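Asks: Here the working numbering is used: the first residue of the sequence shown is 6, the next is one more, and so on.
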Amino acid sequence: MASTHTAIPTTDSDTDTDISTTTDFVVMGDDELERQYRVIIVNDDVTPMDFVVMVLLVIFELTPERAEEVMLEAHTKGRAYVVTLPLHEAQDRVYTAQSHAREAEYPLSFYLEPEG
6 MASTHTAIPT
16 TDSDTDTDIS
26 TTTDFVVMGD
36 DELERQYRVI
46 IVNDDVTPMD
56 FVVMVLLVIF
66 ELTPERAEEV
76 MLEAHTKGRA
86 YVVTLPLHEA
96 QDRVYTAQSH
106 AREAEYPLSF
116 YLEPEG
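(1) What do you get for Y42, buried or exposed, if any count of 16 or more other CB atoms within 10 angstroms of its CB means buried?
(2) Sort Y86, R40 and F56 by Cα distance to T102 and report the nearest one.
(3) Just to confirm my understanding: we take Y116, look at its own chain, exclude 5 residues before and 5 after, and list those with CB closer than 6 Å. What are they?
(4) How many angstroms separate the CA atom of T81 from the CA atom of T52?
(5) What number of angstroms, rounded off, separates the C-alpha of D49 from the C-alpha of M59?
(6) Quick one: what's Y86 bridged to in DSSP?
(7) Taking 8 Å as the threshold (C-beta atoms), are V47 and F65 in contact?
Take a look at the structure:
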């Protein structure tokens, strides 16, 4: 993964002053985009267990038994493996899950790690 910085010159029309901003671009090859990523849930002391199970059922499409196993493992060990997905799908589901948690005012969080 490469990071590219590009300066984009603009002109402020009120003062005719050149303003230079920097935009970061992350360049990923096809192999990185197609690579599988493990979704990991992180335990916290605030999010109710039933909310965690609901998120795992609805957003990550786990079975009720698997959702409860994941929730209990995260609760006892601090984190747990949820599912392995392609990068974009993993990012989308994590974003959706964390957005629902924030709307409910819970700090539920996930992170991704490359498979293998």
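C-beta: ideal position from N, C-alpha, C; glycine also. Since the structure is predicted, the reported quantities are computational estimates derived from the model, not experimental observations.
Replies: On the basis of the data shown:
(1) So Y42 counts as buried.
(2) The amino acid occupying residue 102 in the given sequence is Ala; Thr does not appear at that position. Checked all of Y86, R40 and F56; the closest Cα to A102 is F56.
(3) Only I45 meet the Cβ criterion.
(4) Near 14 Å, if we compare the C-alpha coordinates of T52 and T81.
(5) In a straight line, the C-alpha of D49 is about 16 Å away from that of M59.
(6) Per DSSP, I45.
(7) Not in contact: F65 and V47 (Cβ atoms no closer than 8 Å).
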